[in-house]
Amino acid sequence: MTDAMPAGERKPLAPPVDETGIIGWGRKNLFSSWGNGITTIVLIVGVVWILNWFLEWALFTANFTASTGSECRGGGACWALIREKFRYIFFGSFPYEQHWRPLFAVITMLAMLVLSADRRMWNWRLIVIWGVGSFVTFLLMFGQIHIPLSLILFVALVGGGIGLALRSALATPSERMAYYALIGIGAVGLVLRILGILPKWSIAIAPLSYVETSLWGGLPVTLILATYGLAFAFPYGILLALGRRSNLPLIKGLCVGFIELIRGVPLISLLIMASVMLPLFLPSGTTIDKFLRAQVAVILFAGAYIAEVIRGGLQSLPKGQFEAADAMGLNYAQKTLLIILPQALRVVIPPLINTFIGFFKDTSLVLIIGIFDFLNTANQALVDPNWAGFPGEVYLFAAFVYFIFCYSMSRYSKYLEVELNKGTRR
Amino acid sequence: MAVESLGSVPRVKVAPWNDPVIRGWVFQIVVVGLVGFLAWYLVSNTIENLQRQKIASGFHYLEREAGFEIGDTMIEYSPASTYARAIWVGILNTLRVAVLGILLSTLLGTMIGVGRLSPNWLLSRICSWYVEAFRNVPLLLWLFLFYKLISEAFPGPRQAISLLWNSVFLSNRGVYFPVPMADPIHKWMGLAFLIAIAGTWMLARWGKKRQETTGQPFPIISAGLGILIGLPALVWLAGGAPHHMSWPELKGFNFAGGTVIQPEFTALLVGLVLYTSAFVAEIVRSGILALHKGQSEAAAALGLSRGQSMRLVLLPQALRVIVPPMTSQYLNITKNSSLAIAIGYPDLVASINVTINQTGQAIENILIIMAAYLSVSLSISAFMNWYNKRIALRER
Numbered sequence: 015m016t017d018a019m020p021a022g023e024r025k026p027l028a029p030p031v032d033e034t035g036i037i038g039w040g041r042k043n044l045f046s047s048w049g050n051g052i053t054t055i056v057l058i059v060g061v062v063w064i065l066n067w068f069l070e071w072a073l074f075t076a077n078f079t080a081s082t083g084s085e086c087r088g089g090g091a092c093w094a095l096i097r098e099k100f101r102y103i104f105f106g107s108f109p110y111e112q113h114w115r116p117l118f119a120v121i122t123m124l125a126m127l128v129l130s131a132d133r134r135m136w137n138w139r140l141i142v143i144w145g146v147g148s149f150v151t152f153l154l155m156f157g158q159i160h161i162p163l164s165l166i167l168f169v170a171l172v173g174g175g176i177g178l179a180l181r182s183a184l185a186t187p188s189e190r191m192a193y194y195a196l197i198g199i200g201a202v203g204l205v206l207r208i209l210g211i212l213p214k215w216s217i218a219i220a221p222l223s224y225v226e227t228s229l230w231g232g233l234p235v236t237l238i239l240a241t242y243g244l245a246f247a248f249p250y251g252i253l254l255a256l257g258r259r260s261n262l263p264l265i266k267g268l269c270v271g272f273i274e275l276i277r278g279v280p281l282i283s284l285l286i287m288a289s290v291m292l293p294l295f296l297p298s299g300t301t302i303d304k305f306l307r308a309q310v311a312v313i314l315f316a317g318a319y320i321a322e323v324i325r326g327g328l329q330s331l332p333k334g335q336f337e338a339a340d341a342m343g344l345n346y347a348q349k350t351l352l353i354i355l356p357q358a359l360r361v362v363i364p365p366l367i368n369t370f371i372g373f374f375k376d377t378s379l380v381l382i383i384g385i386f387d388f389l390n391t392a393n394q395a396l397v398d399p400n401w402a403g404f405p406g407e408v409y410l411f412a413a414f415v416y417f418i419f420c421y422s423m424s425r426y427s428k429y430l431e432v433e434l435n436k437g438t439r440r
Numbered sequence: 002m003a004v005e006s007l008g009s010v011p012r013v014k015v016a017p018w019n020d021p022v023i024r025g026w027v028f029q030i031v032v033v034g035l036v037g038f039l040a041w042y043l044v045s046n047t048i049e050n051l052q053r054q055k056i057a058s059g060f061h062y063l064e065r066e067a068g069f070e071i072g073d074t075m076i077e078y079s080p081a082s083t084y085a086r087a088i089w090v091g092i093l094n095t096l097r098v099a100v101l102g103i104l105l106s107t108l109l110g111t112m113i114g115v116g117r118l119s120p121n122w123l124l125s126r127i128c129s130w131y132v133e134a135f136r137n138v139p140l141l142l143w144l145f146l147f148y149k150l151i152s153e154a155f156p157g158p159r160q161a162i163s164l165l166w167n168s169v170f171l172s173n174r175g176v177y178f179p180v181p182m183a184d185p186i187h188k189w190m191g192l193a194f195l196i197a198i199a200g201t202w203m204l205a206r207w208g209k210k211r212q213e214t215t216g217q218p219f220p221i222i223s224a225g226l227g228i229l230i231g232l233p234a235l236v237w238l239a240g241g242a243p244h245h246m247s248w249p250e251l252k253g254f255n256f257a258g259g260t261v262i263q264p265e266f267t268a269l270l271v272g273l274v275l276y277t278s279a280f281v282a283e284i285v286r287s288g289i290l291a292l293h294k295g296q297s298e299a300a301a302a303l304g305l306s307r308g309q310s311m312r313l314v315l316l317p318q319a320l321r322v323i324v325p326p327m328t329s330q331y332l333n334i335t336k337n338s339s340l341a342i343a344i345g346y347p348d349l350v351a352s353i354n355v356t357i358n359q360t361g362q363a364i365e366n367i368l369i370i371m372a373a374y375l376s377v378s379l380s381i382s383a384f385m386n387w388y389n390k391r392i393a394l395r396e397r
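Chains as they are written, first to last, in the numbering used here: chain A, 15 to 440; chain B, 2 to 397.
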């Protein structure tokens, strides 16, 4: 190289030492001006002071092995309390020797969520994953599941209806006959069941001992409330969003009224309503499980918020998409399910995940109506008189668990935002 | 030919079950009928249940004696007051937390959002850690943490931490600090303050007009602050400068005299502000980032300092992006203030909850909650929409 250089020219000099490497970086990013330098020094002193105090408390003088609260007193953090109570914090009052069940239920739900995060699964596989995952989760949590005949009939009716609406023009006569058969069996069966001609029959799957929902607690409760809250609120929110964009004035009015009413009031008032008013709404004698009531309140609440997110996606579609679908002769169901929603939902997946993070945090509010979610079991761990007086440790631990969940979801949403926009961003 | 006749295509005769208009109406009638049936079913059950449980209905209970204590009230209240007054105390407490929360989290959030964009690496890192830490943990958990820290880590009134030469006391019963003794001059000082607000507003208008016509800027911030503080101070001096203070003093097991900020209120306000400002910071940051880079470069080329370009060029434009999402954060603060019930701050939901338990009249009380929150939400929305329209870009 040097040989090829014409005579009289010198090798380019290396940049000055103080503009590259750590020194250069520090000059540019920490001490670029007087004010900046002072800010940096003040911040470093502050951070070191806080870290010093925190590490002293949380590590160096902390007690990891005490067996009662009184042994912990006087020193730093009492992590022994977490060691003593972590099974209660995670699983609540679920029978102690059966704790493997909520543990595997949590693992199943996490696996379900992680698999659904993979874009290659976004097709019929998603239905299989959620079907199998939900079945396993609830089998583990309840121990016994009874599938009533009417539910099977209802699924047949809805499945046949959706199949017919989507594939009406494409299906072969035999496939079409199958859909009609499903609808027929479902409808006739349900009518017969309501009239009381068919018996109250159900399939019982009972490999484990039954554990009622009032004993559920901890992380599985938080996960179930958030996951199934979203899973049911999602289709409901889509219907509300479509209704709000509809040309039919009565439908539109109903949807707008519902969405704005729910979004205008705090979740707590809905939860209080679900706990004191739902019993009044139902015929006397019927009782609904408290957990189910909270779940319904969360679904109604989430539906209104999800509807607004999805409406944003619907509004972002150009009018031509709707017109093209009409010109192709597609009916409303086909147009919506095959043309509009796939495009609209793609746009709103990142904000939907952010909404989900919000609900994950908001499920903690159910403790006000006495459900033992993760925050509530953490709270209850403080009540033990043997271990009184260490709120900081327990809440920091709970905050850490919540943080891991929410932070990983928000990273995923950031990643998806980039990933899904690859086609449009240059 | 085909184009010209497009507008006057004769309506094709279709069978009534294929006519979209008829279909639409049939569908609507069916849906409204189903919803109506559901409503009728629920209402009839409710009426039957109420009769069976012998629960009265109607709002007459509002005039009865409430009989419960409220720890933290802004207006006069005793257990002998009516339910209506108890609920009104709750509404005022909710509004107090919401208004203070909105102001403080806007300030803190803007500072953190601007801090995240700072050229100082350490500052922007710390700000983004703050945002991640507060955004990813439930608000309720923060409230519990702060409340427990105040009530368990702070000493009792007898060992209270005294600050500022024994005038301010920190204890697990709250923060006690001295207040001036009531004096007739305070009324006139309040009046002077109102006059000062009007004067500052007119001065700001005049200053803006002068800058637009002559280019001379007017130091409205310092002048306005001078008027706002100076005028009441003058009135105070004219009234003989009464300076008797009511000092907090330890009497028995608690403090007497002075005034107190209750620990519940402190924990709720601190939790709400810290949590919401993380969201506000993100909104402010994305609003500024949405601006074209040329804006900050042009401001720098004009010789404006970084603070000036932020205050005069970037933030006013970013406001247009910021205001709509900010509105929903303000609504969130108002709604989230209802978490007060979990740490025992007597807000609207807490008052209503006690009232439901005492009277059993769930429906009327839930209606009051919904009406109260809806009207607060709608007023915030209306105000923010008006503000949004005012700052919107005026194009041709």
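We put the beta carbon where it would ideally sit given N, CA and C, even for glycine. Being a predicted model, the structure only gives us computed values, none of them experimental.
Beta-bridge partners of ILE176 of chain A, as assigned by DSSP: In DSSP, ILE176 of chain A forms no bridge with anything.
Minimum Cβ-Cβ distance from MET371 of chain B to chain A less than 7 Å: yes
Integer-rounded CB distance, given that VAL176 of chain B should sit under 8 Å from ILE262 of chain B: 5 Å
Counted within 10 angstroms of its Cβ, other Cβ atoms place VAL355 of chain B as buried (16 or more) or exposed: buried
Cutoff 7 Å: ALA363 of chain B Cβ touching any chain A Cβ: yes
Partner residues on chain A for GLY25 of chain B, Cβ-Cβ distance less than 8 Å: ASN261 and LEU262
Distance, PHE419 of chain A Cα to GLY384 of chain A Cα: 23 Å
Close beta carbons around LEU140 of chain B, own chain, < 8 Å, minus the five adjacent residues each side: GLY272, LEU273, TYR276, ASN337 and LEU340
Distance, ALA119 of chain A Cα to LEU222 of chain A Cα: 14 Å
Interface flag, ASN389 of chain B vs chain A, CB-CB below 7 Å: no
Burial state of GLY437 of chain A, where buried means 16 or more other Cβ atoms lie within 10 Å: exposed
Of the listed residues A:GLY90, A:GLY83, A:THR369 and A:ILE52, nearest to LEU69 of chain A (C-alpha basis): A:GLY90
Proximity of GLY83 of chain A and ASN393 of chain A at Cβ, strictly below 7 Å: no
Bridge partners - PRO162 of chain A, DSSP secondary structure assignment: A:SER216
Residues from the segment 41 to 66 of chain B in contact with chain A, defined by Cβ distance under 8 Å: LEU43, ASN46, THR47, GLU49, ASN50, LEU51 and ARG53
C-beta contact flag for GLY345 of chain B and GLU265 of chain B at 7 Å: yes
Beta-bridge partners of GLY175 of chain B, as assigned by DSSP: B:SER172
Contacting positions in the segment 293 to 313 of chain A - beta carbon closer than 8 Å to chain B: PRO293, LEU294, PHE295, LEU296, PRO297 and SER298
SER163 of chain B - partner residues in DSSP beta bridges: B:PHE170
Segment contact flag, the segment 356 to 371 of chain A with the segment 55 to 74 of chain A, C-beta cutoff 8 Å, min 3 pairs: no
Beta-carbon neighbours of TRP122 of chain B, restricted to chain A and to distances below 9 Å: TRP39, GLY40, LYS42, ASN43, LEU44 and THR54
Under 7 Å from the C-beta of GLN29 of chain B: neighbouring residues of chain A: LEU262, LEU264 and ILE265
Pick from B:ILE88, B:HIS187 and B:SER129 that is closest to TYR62 of chain B, judged by C-alpha positions: B:ILE88
Nearest residue (CA-CA) to LEU44 of chain A, options B:LEU124, B:LEU375 and B:SER287: B:LEU124
For ASN94 of chain B and LEU374 of chain B, the rounded distance between their alpha carbons: The sequence given here places Tyr at residue 374 of chain B; Leu does not occur at that position. Straight-line Cα distance between these residues: approximately 13 Å.
Segment contact, 8 Å Cβ cut-off, at least three pairs: the segment 253 to 263 of chain A with the segment 333 to 341 of chain A: no
Residues of the segment 266 to 286 of chain A with Cβ closer than 7 Å to any Cβ of chain B, in chain order: LEU268, GLY278, VAL279, PRO280, ILE282, SER283 and ILE286
Reduced DSSP secondary structure (H/G/I, E/B, other) of ASN345 of chain A: coil
Exposure of ALA149 of chain B, with buried meaning 16 or more beta-carbon neighbours within 10 Å: The sequence as given places Lys at residue 149 of chain B; Ala does not occur at that position. Looking at its Cβ environment, which holds 16 or more other Cβ atoms inside 10 Å, LYS149 of chain B is buried.
For LEU118 of chain B and ARG321 of chain B, believed in contact at Cβ under 8 Å, the rounded distance: Actually they are not in contact, since the Cβ atoms of ARG321 of chain B and LEU118 of chain B sit about 18 Å apart, beyond 8 Å.
7 Å Cβ cutoff met for ASN173 of chain B and SER152 of chain B: yes
Within-7 Å CB hit, LEU101 of chain B to chain A: no
Exposed unless 16 or more other CB atoms sit within 10 angstroms - verdict on LEU35 of chain B: exposed
Pairwise C-alpha distance: GLY317 of chain A and TYR242 of chain A: 12 Å
Among B:ARG312, B:SER310 and B:VAL281, the one whose alpha carbon lies nearest that of THR328 of chain B: B:VAL281
Contact set between LYS336 of chain B and chain A, taken where Cβ atoms lie within less than 8 Å: VAL279, PRO280 and LEU281
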